[in-house]
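Novice: So the sequence shown is numbered by numbering that gives the first Met the number 0: it starts at 0 and just counts up by one. Glycine included, C-beta positions come from ideal geometry on N, C-alpha and C. This structure is in C-alpha cells; I'll ask about it shortly.
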Amino acid sequence: MKTAVIDMGGGMRGIYAAGVLDRCMEEDIRFDVCIGVSAGSANLASYLSHQAGRNYVFYTQYAMRRRYMSLWNFLRKGSYIDLDYVYGTLSNDGGENPYDYTAMEQNAASFLVVATNALTGEPKYFQKEDMPRNRYDPLKASCSIPFVNRPYTIGGVPYYDGALSDPIPVRKALSLGCERVVLILTRPRAFRRTARKDEFLARMIRKKYPVAAQKMAERAALYNEQMDEAEELAKEGRLLFIAPQDTCGMDTLTRDKAAMDAFYRLGFADGGAIGAFLRG
C-alpha cells in the first residue's frame with residue numbers, strides 16, 4: 000500500500016507539524032511520498048534526512064534572529080524572511096546546522112516541493128533531483144509568501160509560495176498512486192479561509208505579477224474546495240487529518256517561545272495517531 004504525507008505549512012505555525020514529524024521519526028514511521036508546501040517543505044526535508052529536533056531549533060532559536068526575519072531584512076532586501084540565510088548560510092555544509100543531504104538522498108521516499116510560477120500561476124512540483132547539495136532553492140521558492148518576500152528565481156523563473164496554486168495537494172498524492180494520505184494542518188480542521196487578507200496581498204503584487212495576484216485573490220476558494228475534497232477522502236478512510244484543536248496563540252509570523260513550545264508538544268502528541276491509521 001503506497002502512502003503519502005502532506006505538510007501544508009503555515010509559517011511559524013509549522014512548528015506543530017515539526018512536532019508531528021518528530022513523532023514519526025521516533026516511531027520509525029515512513030511514507031512513500033512526501034509533499035511539502037511552504038514551510039512544510041522544510042519540515043519534510045529534515046524528516047527525510049532523519050534529523051529529529053532540527054526544525055524545532057530553527058523555529059525556536061534561529062527565527063528570533065534579525066537575519067532570519069525582520070523589518071530590517073524587508074527594508075534592505077525587499078524580503079521579510081531571508082531565505083538565503085535560512086536555507087543557505089545555516090543549512091549548507093559548514094553552516095551552523097547543516098542539512099544531512101546524503102541521508103535525504105539515500106531515503107527511498109519521493110520528495111515533492113510545491114511552488115507557484117509567478118508568471119503563469121501554475122504549480123511546480125520540484126523533486127530531489129532539482130535540489131543538489133547546498134542548493135536548496137526549491138525550499139526558498141516554496142516559502143516565498145507574496146509581498147512578505149520577493150519571488151525566488153530558479154532557472155530564470157520567479158516562484159512564489161506553493162499555497163497559491165496547490166495549497167492542499169491531495170490530488171497530487173492520489174495521482175502518484177497513494178492509497179492512504181496523512182494531511183498535516185496547522186489550524187483546526189474546521190477552519191476555512193476568507194479572501195480578505197489574500198486580496199490585500201494580491202493588490203500588493205498585481206502590477207508586476209498579475210497572474211500570481213489573481214491566484215492569490217482566489218486562494219481562499221481553492222483552499223476551501225480542496226479541504227472539502229479531503230473531508231470526503233477522510234470519510235472513506237483514505238485520509239487522516241492531523242490538526243490541532245487550538246493554535247496555542249500561534250500565527251504565520253508569531254515568535255513567542257512559550258507558544259511555540261506548546262504547539263510543538265501538541266503536534267508531537269497528535270502525531271501518535273498516524274501509526275494506527277497506516278496499519279489499519
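1. Classify residue 206: buried if its beta carbon has 16 or more other beta carbons within 10 angstroms, exposed otherwise.
2. Can you give me the start and stop residues for the alpha helix (DSSP H) that residue 209 sits inside?
3. Over what stretch of residues does the beta strand (DSSP E) that includes residue 35 continue unbroken?
4. At the level of alpha carbons, what is the spacing between residue 34 and residue 171?
5. So is residue 50 buried or exposed if we call it buried at 16+ other beta carbons inside 10 Å?
6. Starting from residue 74, follow the alpha helix (DSSP H) in both directions and report where the run begins and ends.
7. In terms of residues, what are the limits of the beta strand (DSSP E) holding residue 196?
8. Given residue 216, which residues of its chain have a CB within under 8 Å of its CB, disregarding the five upstream and five downstream residues?
9. According to DSSP, which residues form a beta bridge with residue 282?
10. Closest to residue 81 by C-alpha separation, out of 126, 91, 68, 90, would be which residue?
11. Please determine if the segment 2 to 20 and the segment 69 to 77 are in contact, where contact requires at least 3 C-beta pairs separated by less than 8 Å.
12. Leaving out the 5 sequence neighbours to the left and right, which residues in its chain are closer than 8 Å to residue 163 when beta-carbon positions are compared?
13. Taking the alpha-carbon positions, what's the residue 230 to residue 190 distance?
Specialist: Inspection of the coordinates gives the following:
1. exposed
2. 209 to 216
3. 32 to 36
4. 9 Å
5. buried
6. 70 to 76
7. Premise fails: residue 196 lies in the alpha helix (DSSP H), 195 to 204, not in any beta strand (DSSP E).
8. 194, 197, 198, 201
9. With the chain running from 0 to 279 in the structure shown, residue 282 is simply not present.
10. 68
11. no
12. 115, 120, 145, 211, 214, 215, 218
13. 12 Å
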